[in-house]
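Novice: Residue numbers (the numbering used here), protein chains in the order written: chain Z, 3 to 585; chain V, 343 to 711.
Just so it is clear, CB atoms sit at the ideal spot from N, CA and C, and this is done for glycine as well.
These numbers were taken from a predicted model, which means no experiment stands behind them.
1. Short of 7 Å Cβ to Cβ, which residues in the stretch 419–445 of chain V face chain Z?
2. Alpha carbon to alpha carbon, what distance is there between residue 517 of chain Z and residue 509 of chain Z?
3. Name the chain Z residues whose beta carbon is nearer than 8 Å to that of residue 570 of chain V?
4. Taking residue 261 of chain Z and residue 253 of chain Z to be in contact with their CB atoms under 8 Å, please state how far apart those CB atoms are, rounded to whole angstroms.
5. Nearest to residue 703 of chain V by CA position, among V:619, V:679, V:571, is which residue?
6. Flag residue 406 of chain Z as yes when its Cβ comes closer than 7 Å to any non-hydrogen atom of the ligand NAD, and as no otherwise.
7. If you run the structure through DSSP and keep just helix, strand and coil, what is residue 538 of chain V?
8. Would you kindly report the start and end of the unbroken beta strand (DSSP E) that includes residue 430 of chain V?
9. State buried or exposed for residue 637 of chain V, treating a residue as buried only when at least 16 other CB atoms are found within 10 Å of its CB.
10. For residue 676 of chain V, count the other beta carbons within 10 Å of its own beta carbon; 16 or more makes it buried, fewer makes it exposed. Which is it?
11. When you compare the CB positions of residue 409 of chain V and residue 161 of chain Z, do they come within less than 8 Å of one another, or not?
12. Chain Z beta carbons: is any one of them nearer than 8 Å to that of residue 606 of chain V?
13. Establish whether the CB of residue 581 of chain V and some CB of chain Z are separated by less than 8 Å.
14. Residue 445 of chain Z: which of Z:176, Z:48, Z:62, Z:44 sits nearest, CA to CA?
15. Are the stretch 102–113 of chain Z and the stretch 449–465 of chain Z touching by the rule of at least three beta carbon pairs closer than 8 Å?
16. Answer yes if the stretch 557–577 of chain Z comes into contact with the stretch 347–366 of chain Z, meaning at least three C-beta pairs across the two stretches below 8 Å, and no otherwise.
17. Listing by chain order, which chain V residues have their CB less than 9 Å from the CB of residue 77 of chain Z?
18. Report the CB separation of residue 500 of chain V from residue 613 of chain V in whole angstroms; it is logged as a contact under 8 Å.
19. Hey, how far is the Cα of residue 300 of chain V from the Cα of residue 476 of chain V?
20. Closer than 8 Å between beta carbons: that is the criterion. Which residues of the stretch 150–171 of chain Z meet it against chain V?
21. Starting from the beta carbon of residue 67 of chain Z, find every residue of chain V whose beta carbon is closer than 7 Å, and list them in chain order.
22. From the beta carbon of residue 275 of chain Z, is the nearest beta carbon of chain V less than 8 Å away?
23. Distance, Cα to Cα, residue 583 of chain Z vs residue 575 of chain Z?
24. If I'm right that residue 355 of chain Z touches residue 555 of chain Z with Cβ under 8 Å, what's the distance once you round it to whole angstroms?
25. Use the C-beta contact count for residue 396 of chain Z: other C-beta atoms within 10 angstroms, 16 or more gives buried, fewer gives exposed.
26. For a contact meaning CB atoms closer than 9 Å, what does residue 443 of chain Z contact in chain V?
27. How would you list, in chain order, the residues of chain V whose beta-carbon sits under 8 Å from the beta-carbon of residue 544 of chain Z?
28. Listed in chain order, which residues of the stretch 529–553 of chain V have Cβ atoms closer than 8 Å to some Cβ of chain Z?
29. Should residue 416 of chain V be flagged as near chain Z, meaning a C-beta pair shorter than 8 Å?
30. Specify the secondary structure class of residue 492 of chain V as computed by DSSP and reduced to three states.
31. With which residues is residue 485 of chain V paired in a DSSP beta bridge?
32. Buried or exposed: residue 148 of chain Z, going by 16 or more other Cβ atoms within 10 Å of its Cβ?
33. I need the DSSP call for residue 397 of chain Z, collapsed to helix, strand or coil.
34. Should residue 507 of chain Z go down as buried or exposed, given a rule of 16 or more other Cβ atoms within 10 Å for buried?
35. Mark residue 441 of chain V as exposed unless 16 or more other C-beta atoms lie within 10 angstroms of its C-beta, in which case mark it buried.
36. Check whether chain Z comes within 8 Å of residue 398 of chain V, counting only Cβ atoms and requiring the distance to be less than that.
In structure tokens, the structure reads:
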């Protein structure tokens, strides 16, 4: 949309520079009292159109389906308006809300500790250790549904290889602690990679200055590094908390008798097909989620000033964790625990596909691999295609969205920012049901099309991407933007020359996240998928459902490999594209 | 080739003549299209003269419980020219999806799943009635009186034991349902949540019918003490038992379970005090895009023994013989006497109240945890 404008802006930049800056300022600050040319008007129109498209699609694909769910929660037996659903559901599942919050808070807390530790280790280590840890994070960021929980049972179950086989314990993992542990580790890779990006931008000069002034490594960590990570830590806490609230897979598989709102929603949908109660439960779930969101915004604003002042060149974090005293030791311990657990878990997933269980003992086999290769791999191709589309469009969408939210005084900014986060707060199945409710009648009949699946993935994953982009944008100095304005550049020039390049690290994270999520998402599109357009993850779903764990593990392995390959390719391409810019 | 064309024409002629006595589903103008239709699909007409084939074409979208049925649908495609797209989904999810779609289903055929879900769907007016001649050969209790659903087999329920754990924990092999309430099994039995698993719903409903309400609930209260937890997926009891996680699983029994004996030390128990069962449904969705193909598929399936034999082979069960007693080539591999006596109509009508009561029963233990 803004493409036709690009050459023109480049050409005129030089011209504008010579003009009185007042004109540019008018345009830059968007007060249109003064005279301005047709070209500037065009830039303004594009800017406005872009904003309208972004906000319009958020309304259509987020607000409208959610309103459909909300509406359904008031639906009485014969289609009348009623509040009875709420009373009934609260009486039945009120305690689950507290369970959800309890698990959410603890999971977010532990997950953040693991994430910060892992990120610090990756940032401060050098050589093979850094590569190894980074590699583990990249691999484990791809988390195909269900197989992680199955591996958890294999490793730490009542007869788990570790708990029973190695340690000789007979414990029961099917309870809330199992859920908390599982969630705490499974959300880490994404968070740690994100924090690692933040750490890479920490001002090396202030660390050097502190060291010159005789600060110990421990106090550098405590007084400089950790405070600078604060916005990132807040994002981790928020995302993990909300993700835990919305996660239904873990409590369903390993929760035993313990249930959360998310697992109750699954239960209401799958067991009773009671859309009304499921909708009410969704409304319940939104309470803590939205509460957490506004708390997060408050805290983030407080820490904004700190980060904006700190910007230096990217460099290796000069810190030896081993010399950081007790805190350093704890960080080492937490990250060590995390990395070992991840290695075990993924080794378990990879190996299950090649192990044939028999009475005489387990042995290596390629039988399942052959079985998998015999079935059609078209679904895998379609999955990759869909994931690529969602990753590209979604990432660009998130970048532009976060720019408007962070840097421009868009009316109802807070509201939109919250709105876009909502899909993240609901279990995927519900967002899927919302889409069916919203788009099953003309003129908006989208059910059974590819578009509904793509849109659902995109908007389900958008919240994480906008959070990443916003946090990264905070590290892009406002001064650069002002400089463009002063030099006569318009908003499009700012977007093109400051915002998008500044968001390059975010692009990589967003793309990776989008791609791996699209490849592994199950819940959100379970209800949307058309029999004629199946995705690979459904094969996985089917295999898990029938108890064919070997095949499920193989599909998971294949998905992981594909995601890694695509990510490596994208990293390579963007790396090449970015090089001229650096010089 | 010429023989084929001839028979096709013959079928077309027959269609034309029968169109008159057909129900209103066949609009008059479609008669004119029949010859063209026949040349494009060129299907061999069935040998029996009674066969009448509505014009069907395009793609039929089927939701099934498993992708294994693909060979059956391939046969259908080969004989009718209708392509079939298959998606596997649990029956509870199908019902949720149907309700959300509000009368615009995105699939045509529903193949497999506990009959309780089909009964609920019929109550919500989401199923299209199908009638055909061979339906009269189906035992009336295994088809809906209005033809909204048919049964394609029975799922029977029993126990799967993990021999290693039974020995290690020094447990006696349970022979009856009543045995399961013995305190020695505490925490070692796993079953699925009856709201999610049609199989385990069948167990609850059947046992309540057999024992009577009061004694029945007493039994489940006692059983609840021994159940580790109620799994939220139907295949979990089986999976957990073979993974050595639990000693006893209450699960469906079929030849796939029997086949587990090859690789695992497991024992299958057919409870002596009666085996609960539940019919497996098949139906077509009301207002579906290709409803004609789905309707014809049901007729096709039940009218030809060859198709039912193939189905029995895929399902790895012989219970289809009970559904259509005149079926040849499939012999029941257990005596029908071991099945509990049931009033199937209560499966639908009692569902809500049974599950509500079951939930309070399960909840009591969750609080104590």
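Specialist: Looking at the atomic coordinates:
1. Along the stretch 419–445 of chain V, going in chain order, the ones with a CB nearer than 7 Å to a CB of chain Z are 427, 428, 429, 430, 432, 434, 435, 437, 438, 439, 441, 442, 443, 444.
2. Those two C-alpha atoms are separated by around 12 Å.
3. Listed along chain Z, the residues sitting closer than 8 Å to residue 570 of chain V by beta-carbon distance are 174, 176, 258.
4. Confirmed, Cβ separation roughly 6 Å.
5. Ranking the options by Cα distance to residue 703 of chain V, first place goes to V:571.
6. As presented, the structure is devoid of all ligands, the ligand NAD included, so that no description of it is given.
7. Residue 538 of chain V falls in the coil class under three-state DSSP.
8. Run containing residue 430 of chain V: 425–430, per the beta strand (DSSP E) assignment.
9. Under this definition residue 637 of chain V is a buried residue.
10. Residue 676 of chain V is exposed by the Cβ-count criterion.
11. No; because the gap between Cβ atoms is not below 8 Å, this pair is not in contact.
12. At least one chain Z Cβ lies under 8 Å of residue 606 of chain V.
13. At a cut-off of 8 Å between beta carbons, residue 581 of chain V contacts chain Z.
14. Across the set Z:176, Z:48, Z:62, Z:44, the C-alpha of Z:62 shows the shortest separation from the C-alpha of residue 445 of chain Z.
15. Taking one beta carbon from each stretch, the stretch 102–113 of chain Z and the stretch 449–465 of chain Z have fewer than 3 pairs nearer than 8 Å; the two do not touch.
16. With the cut-off at 8 Å, the stretch 347–366 of chain Z and the stretch 557–577 of chain Z touch.
17. Neighbourhood of residue 77 of chain Z in chain V, by CB distance below 9 Å: empty, with the nearest CB roughly 11 Å away.
18. Rounded to whole angstroms, the Cβ separation of residue 500 of chain V and residue 613 of chain V is 6 Å, and the two are in contact under 8 Å.
19. The requested residue 300 of chain V does not occur in the structure, where chain V is confined to residues 343 to 711.
20. Within the stretch 150–171 of chain Z, the residues whose Cβ lies closer than 8 Å to some Cβ of chain V are 155, 156, 159, 160, 161, listed in chain order.
21. Simply none; closest approach about 11 Å.
22. Among the residues facing chain V, residue 275 of chain Z is included, as its CB has a counterpart in that chain under 8 Å away.
23. Confidence at residue 583 of chain Z is low in this model, with a pLDDT of 45, below 50, so the placement of that residue is unreliable and no value is reported for it.
24. Correct: roughly 4 Å between the Cβ atoms.
25. Residue 396 of chain Z is buried by the Cβ-count criterion.
26. The answer, in chain order, is 444, 446.
27. 408, 409, 430, listed in chain order.
28. Listed by position along the chain: 529, 535, 537, 538.
29. For residue 416 of chain V, no Cβ of chain Z is located within less than 8 Å of the residue's own Cβ.
30. Correct three-state label for residue 492 of chain V: strand.
31. Note: residue 485 of chain V sits in a beta bridge opposite V:492.
32. So residue 148 of chain Z counts as buried.
33. Three-state DSSP puts residue 397 of chain Z in a helix.
34. Residue 507 of chain Z is buried by the Cβ-count criterion.
35. Result: buried.
36. No - not a single Cβ of chain Z is within 8 Å of the one on residue 398 of chain V.
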